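Residue numbers (the working numbering), protein chains in the order written: chain A, 6 to 118; chain B, 51 to 161.
Glycine included, every Cβ here is placed at the ideal spot set by N, Cα and C.
No experiment lies behind these values; they were computed from the predicted model shown.
Below you'll find the structure, written out as structure tokens, and then a few comments.
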Amino acid sequence: KAGVTQTPRYLIKTRGQQVTLSCSPISGHRSVSWYQQTPGQGLQFLFEYFSETQRNKGNFPGRFSGRQFSNSRSEMNVSTLELGDSALYLCASSLQGAIDEQFFGPGTRLTVL
Amino acid sequence: GQNIDQPTEMTATEGAIVQINCTYQTSGFNGLFWYQQHAGEAPTFLSYNVLDGLEEKGRFSSFLSRSKGYSYLLLKELQMKDSASYLCAVTRGSTLGRLYFGRGTQLTVWP
């Protein structure tokens, strides 16, 4: 069974640009969550999608958005990039959400210059 | 927010036993996860506790006390490959799709 895949793995952008990250969950998983990981803040929850609906949202500004498609693949978008957005963005998939095991993808390392 | 505390760093030697503690103050607490994360890699699932008590899985065990807001991860027969960050994360009944993570405990195992 293939694991969670994320593309791209590495990305370099400049301030003010926008970026779209993609996550393909494990087949059959309907929940996809996104997290931002930085050395200073640790793992911070961005949002969770279940069956194409945003079910939970963290405390990030509106520049961070996401969506989920009918095949459960998910994308997150960050507009008007800031230096502080440099981080590892992880997506996790599970059957139903955080009541069962969440499987993490390898992450996308975003660097904003 | 949710207050989840765990030590920042721990060290131990090969073959030893180490206990990593996690305390939390979470309204509507549902359950607690432990994840392992090696440098440069994604977190991987270790355990999930919902009820009080000890869950054993090979060299790793996890304990939960809901009344005390306390959990620990016990690693036995430590190996060099156990050097990693160990993340404690809780879930709440009102936001079941969301994990609230602690900052992680960086464990270094020395030969």
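Residue-level contact to chain B via CB, residue i, 8 angstroms cutoff
i                     : result
residue 82 of chain A : no
residue 61 of chain A : yes
residue 57 of chain A : no
residue 36 of chain A : yes
residue 65 of chain A : no
residue 50 of chain A : yes
Cβ shell of residue i (< 7 angstroms), same chain only, five flanking positions each side left out
i                      : result
residue 149 of chain B : 83, 139 and 141
residue 73 of chain A  : 37, 54, 57 and 79
residue 41 of chain A  : 49, 51, 92 and 94
residue 68 of chain B  : 60, 62, 125, 128 and 157
residue 98 of chain B  : 81 and 83
residue 77 of chain A  : 30, 34, 35 and 37
is_contact[residue i, chain A] using C-beta, thresh 8 angstroms
i                      : result
residue 116 of chain B : no
residue 149 of chain B : yes
residue 101 of chain B : no
residue 145 of chain B : yes
Closer than 7 angstroms at the beta carbon, the chain A residues around residue i
i                     : result
residue 92 of chain B : 95, 109, 110, 111 and 112
Residue i to residue j span [Cα, whole Å]
i                      : j                      : result
residue 86 of chain A  : residue 115 of chain B : 42 angstroms
residue 31 of chain A  : residue 158 of chain B : 32 angstroms
residue 133 of chain B : residue 88 of chain B  : 7 angstroms
residue 118 of chain B : residue 66 of chain B  : 27 angstroms
residue 39 of chain A  : residue 146 of chain B : 14 angstroms
residue 57 of chain B  : residue 82 of chain A  : 33 angstroms
residue 12 of chain A  : residue 59 of chain B  : 32 angstroms
residue 84 of chain A  : residue 115 of chain A : 13 angstroms
residue 109 of chain A : residue 35 of chain A  : 14 angstroms
residue 75 of chain A  : residue 33 of chain A  : 12 angstroms
residue 122 of chain B : residue 112 of chain B : 6 angstroms
residue 101 of chain B : residue 81 of chain B  : 8 angstroms
residue 4 of chain A   : residue 153 of chain B : Absent from the structure is residue 4 of chain A, since the part of chain A shown begins at 6 and ends at 118.
residue 61 of chain A  : residue 97 of chain A  : 14 angstroms
residue 18 of chain A  : residue 110 of chain B : 41 angstroms
residue 77 of chain B  : residue 88 of chain A  : 33 angstroms
Cβ shell of residue i (< 8 angstroms), same chain only, five flanking positions each side left out
i                      : result
residue 105 of chain A : 99
residue 64 of chain B  : 128, 129, 130, 159, 160 and 161
For residue i, the first and last residue of its enclosing beta strand (DSSP E)
i                      : result
residue 67 of chain A  : Run containing residue 67 of chain A: none; DSSP gives neither H nor E here.
residue 60 of chain A  : 58-62
residue 38 of chain A  : 36-43
residue 100 of chain B : Residue 100 of chain B -> no beta strand (DSSP E), and no H or E assigned at all.
residue 1 of chain A   : Outside the shown range of chain A (6 to 118) lies residue 1 of chain A, about which nothing can therefore be said.
residue 14 of chain A  : Unbroken run through residue 14 of chain A: none, as it is neither H nor E.
6 angstroms CB neighbourhood of residue i in its chain, flanking five on each side removed
i                     : result
residue 55 of chain B : 73
residue 27 of chain A : 12 and 80
residue 23 of chain A : 84
Contacts that residue i makes with chain B (C-beta to C-beta distance below 9 angstroms)
i                     : result
residue 47 of chain A : 137, 151, 152, 153 and 154
residue 5 of chain A  : Outside the displayed range of chain A (6 to 118) lies residue 5 of chain A, so it cannot be described from this structure.
Partners in chain B for residue i, counting only beta-carbon separations shorter than 7 angstroms
i                     : result
residue 53 of chain A : 147 and 148
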